[in-house]
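2 protein chains.
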Amino acid sequence: MSVNGMIDVNGPMPPAPAMLRRSDLHASLSDPVLDTMTFLNEVTMRFPEAISFAPGRPYDGFFDNEDIFAHIRRYLDHLAAKGWSDQEIRTAMYQYGTTAGQIRELIADSLRLDEGIDVPAESLVVTVGAQEGMLLVLRALIAAPDDVLMVSSPCYVGIIGAARLLDIPVVDVEEPEEGFSCADLEAAVVRERARGRRPRAFYVVPDHSNPSGTTLSPQARSELLDLAARHDLLIIEDSPYRLVSPGTPLPTLKSQDRAGVVVHLGSYSKVMFPGARVGYVVADQCIVDGSGRTTLLADELAKIKSMVTVNTSSLSQAVVAGTLLAADGRVSELNAKPASYYGEAMQAVLRQLERHLPAERRQRLGVTWNTPGGGYFLNLRVSFETDEAALNRAARDFGVIWTPMRYFYPSGGGERMMRLSTSYLAPREIGEGITRLAGFIAAETEQRSISGQSIGRGEHP
Amino acid sequence: MSVNGMIDVNGPMPPAPAMLRRSDLHASLSDPVLDTMTFLNEVTMRFPEAISFAPGRPYDGFFDNEDIFAHIRRYLDHLAAKGWSDQEIRTAMYQYGTTAGQIRELIADSLRLDEGIDVPAESLVVTVGAQEGMLLVLRALIAAPDDVLMVSSPCYVGIIGAARLLDIPVVDVEEPEEGFSCADLEAAVVRERARGRRPRAFYVVPDHSNPSGTTLSPQARSELLDLAARHDLLIIEDSPYRLVSPGTPLPTLKSQDRAGVVVHLGSYSKVMFPGARVGYVVADQCIVDGSGRTTLLADELAKIKSMVTVNTSSLSQAVVAGTLLAADGRVSELNAKPASYYGEAMQAVLRQLERHLPAERRQRLGVTWNTPGGGYFLNLRVSFETDEAALNRAARDFGVIWTPMRYFYPSGGGERMMRLSTSYLAPREIGEGITRLAGFIAAETEQRSISGQSIGRGEHP
């Protein structure tokens, strides 16, 4: 079975003539939601000269490339100090590792300190960002044809996209202007049950949600936990903006989860940096089979992960671990300065909106916005269609970028809304950006007036 | 919408009492194949004292932690030399990046030099190992309920596991002892068509396959390409062991793909290191929709990736890029020494097998094995059941580990075979390992004789 032959590096390969039909590809690839994540990640690159309120990215100013080397070094030193041999450390960095992750102890310690989440390391799975966590959790929990995922509308696109890949039905419950309504969710759950479907889990971003910016009140949290226990519904809690927001956050749903109904998704993309692609899932629920044998839900998620990414990059885990070690596990302290920075950025955007669109003017233009107390996002309602054509006009003619809110409505909505991200811009750009945005809004609204269209309030008055 | 409240870090959270039924989880979680990857990655940790022929891992001796720092540094310097500003380099490392990957140009250059694959960088998607590539390709291509994936049996578990997650039907074609048979594959394709199903793609490891160690002959490659074009079947080519094998490899299927039927999966796990979790897909096929608009298959895979992992770790991409730069893109040169090392390790295992199980003795014990010319694996047939119980006896009583071949047969088979990995052990361990293995085989066979069972030749004579 020995091998002979050689590679023909000189003979140029003609371009592949194969044509595949889009209709032969998986249905998710014809769903616009799958374009959204790439749009959000790449729109800023498409218009490099524009001021961009589009990307849900951390501010660049806190980053320093030398830190990457220092954090990896600190993790290696930490392993050595624990008594690991050079060989063992080399293996940890270079080889395939434990599917569920090699830094779970450090993450579990950190969750105990920062989030009131006290679970053994075995309940965790380290993932390639919270996005992989979503895919794992959906794949594990949604099993039967009648199982459905419940979400609020508007909703983060990552969970919708993951559901589309797995052909999982999504039921969206419209979120009122003032934020999540437990009664509306319960009504939807009851309605789905009556239709013969099984609402299996509800996905929620309790703190400074993406895209709406809303936060669940303490009462709403308590009602949601009760509802979930009552209706045998799991809660998928995703809360990446908690520790990058000013003030003391409300308790996580997981920390108040007496009934074991919450699966908590964690992300280091906002509190450390996105490029590392490290997140985790807290999944301490017990799984029992017919013969009474039990495992943890985390074990089951790891089995799925082994067929998605095998394990999370050891380099990425090392840099996250080194960062945790530098802060004695306190991600909150690590983010004290960024949280204050983001709080000021949100306030600066709100001040500039007020300045350029004072009450009388915004009433005339049909503009309103909400006022989140933290997080990366706020929503603006306008009187014209905020579609991609409008976005292109904003970028090209006014040098300003935002995100169409319609991307976040699984079954329609948000047609006259935009999401503004307040996190990414340097302070000096915010004033100029809002000046441009106000100019764009005025021009679009006047264009509509001239072309004889009435000025409405947007589709969710 | 401002937030008040505090985290109750003192009140201990009671253990979550939730119990979920396994029967309520996705069917893949009751399939033994999902345990296999974790087994393969973790079995060596479970028996730290044993000599392990189980893991398909690179040899540790080529690794040095300081190289990680040097490679990342080299990539940063490379970007600076290209004229990138500090800010741009920081963004490349820290922020969300292009979904399809930021080092595609370097990979495309390397493929041109090493593999005779000449495609534009836009045809590539950088993935979290080849495993994520498998998931993306299967998700894109397998769309209708009647679409099926064709594989050889035995087959790499990663592709079967990914198919299970996506509820994709797999049709396995038994591979004869001497290696892949194109006629058998064609017969199976015709049979599936007659059943009303559409064979959509055939997954194959052409060089030193995992687990069988077999390599497709030049003639088999050419027949397979013809068959694929004739039957509108795509080929998913996965060939991680090419450049870590001695001698000049045969041309990749992709380099000879005149009809555009090959999607090529790449992996840096064997030629650099697994911990980085970097692979790629070459997908230069055109996708055309009803209105004649075309995209590349790579664009579609990136859309799926955006909902699986968003993008591949920038740190991991940096270390791979730095390694490529250090070798002027020639992964083959980078692996000249390892390839020779692995070739010698394979020969050493074969020599030791011959020494401890000479012709007369192996005939008496009912033992045979194949003789791959490269790669990490060879197969051993024995006369007793090579199940997990036998593996535990081998580890506990003889201090030697191997992999049950049954893991690699999607619809049964391999019950009296073991896979030996020749890549991972240090040279000094090989002799002792095979001594122990021969002792174990003799004891098991005699045990069977004593308990009155006949000695057979294994299920695929």
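Sequences listed follow chains D and V, in order.
Quick note on numbering: the UniProt record's numbering labels position 133 of the first sequence as 133, and the sequence is numbered without any gaps.
Quick note on numbering: the UniProt record's numbering labels position 154 of the second sequence as 154, and the sequence is numbered without any gaps.
Ideal Cβ placement from N, Cα and C applies to all residues, glycine included.
Treat the numbers as computed from the prediction; the structure is a model and nothing was measured.
Between V:Arg258 and V:Ile235, the alpha-carbon positions lie close to 13 Å from each other. At least one beta carbon of chain D lies nearer than 9 Å to the beta carbon of V:Cys286. Listed along chain V is no residue with a C-beta nearer than 9 Å to that of D:Tyr203; the closest approach is about 14 Å. Comparing alpha-carbon positions, the option among D:Glu174, D:Gly260, D:Asn311 and D:His26 lying closest to D:Val126 turns out to be D:Asn311. Inclusion of D:Val278 and D:Gly129 in the CB contact set at 9 Å is warranted, their separation being smaller than that value. Taken in chain order, the whole beta strand (DSSP E) runs of length 3 or more contained in the segment 214 to 256 of chain V are 234 to 238. In the three-state reduction of the DSSP assignment, D:Arg139 falls in the helix class. If you keep only unbroken beta strand (DSSP E) runs of at least 3 residues inside the segment 261 to 294 of chain V, you get 262 to 267, 279 to 282 and 286 to 288.
In summary, the residues of the segment 257 to 280 of chain V whose CB is separated from some CB of chain D by less than 7 Å are Asp257, Arg258, Ala259, Gly260, Val261, Phe273, Pro274, Gly275, Ala276 and Arg277, in the order they occur in the chain. Around the Cβ of V:Thr294, a 10 Å sphere holds fewer than 16 other Cβ atoms; the residue is exposed. Within 8 Å of the CB of V:Thr38, the CB atoms of chain D belong to Thr99, Ala302, Lys303 and Ser306, in sequence order along the chain. Look at D:His26: its C-beta is under 9 Å from a C-beta on chain V. Per DSSP, the unbroken alpha helix (DSSP H) holding V:Val319 starts and ends at Ser314 to Ala326. Counting of Cβ neighbours within 10 angstroms places V:Lys305 among the buried residues, the total reaching 16 or more. Taken through DSSP and simplified to helix, strand or coil, D:Tyr409 comes out as coil.
Nearest to D:Cys182 by C-alpha distance, out of D:Lys337, D:Asn370 and D:Ser152, is D:Ser152. Within the segment 70 to 95 of chain V, the residues whose Cβ lies closer than 9 Å to some Cβ of chain D are Ile72, Arg73, Leu76, Asp86, Gln87, Ile89, Arg90, Thr91, Ala92, Met93, Tyr94 and Gln95, listed in chain order. For V:Ser181, no beta strand (DSSP E) segment is defined, and its DSSP state is neither H nor E. By a beta-carbon distance limit of 8 Å, V:Gly433 contacts V:Val400. Their separation comes to about 6 Å.
Following the DSSP letters along the chain, one finds D:Asp64 in no beta strand (DSSP E), marked with neither H nor E. Here V:Asn335 is buried. Its C-beta has 16 or more other C-beta atoms within 10 Å. Secondary structure of V:Met418 (DSSP, three-state): strand. For V:Arg221, the closest C-alpha among the options V:Asp60, V:Phe180 and V:Ser212 is that of V:Phe180.
Cβ contact annotation for D:Ser340 (same chain, cutoff 7 Å, sequence separation greater than five): Pro246, in chain order. Each of D:Val189, D:Glu174, D:Met134 and D:Leu185 was checked against the Cα of D:Arg164, and the nearest Cα belongs to D:Met134. Judged by their CB atoms, D:His231 and D:Pro199 are nearer to each other than the 9 Å cut-off. Counted as a single uninterrupted DSSP element, the alpha helix (DSSP H) harbouring D:Leu334 occupies residues Val331 to Leu334. Look at D:Ala54 here: in three-state DSSP terms it is coil, with no helix or strand label. When C-beta atoms of the segment 47 to 62 of chain D are compared with those of the segment 389 to 407 of chain D, three or more pairs fall below 8 Å, so the two segments count as touching. For the segment 47 to 61 of chain D, the residues whose beta carbon sits under 8 Å from a beta carbon of chain V are, in order, Pro55, Arg57, Pro58 and Asp60. Bounds of the alpha helix (DSSP H) holding V:Arg428 are Pro427 to Ile450. The three-state reading of DSSP puts D:Ala144 in coil, since its state is none of H, G, I, E or B.
DSSP places V:Pro338 within a helical segment (H, G or I) once states are collapsed to three. Between the segment 70 to 78 of chain V and the segment 368 to 380 of chain V there are fewer than three C-beta pairs closer than 8 Å, too few to call the two in contact. At least 9 Å separates the beta-carbon of D:Thr91 from that of D:Ala302. By alpha-carbon distance to V:Leu225, the top candidate from V:Ser212, V:Arg242, V:Tyr203 and V:Asn210 is V:Tyr203.
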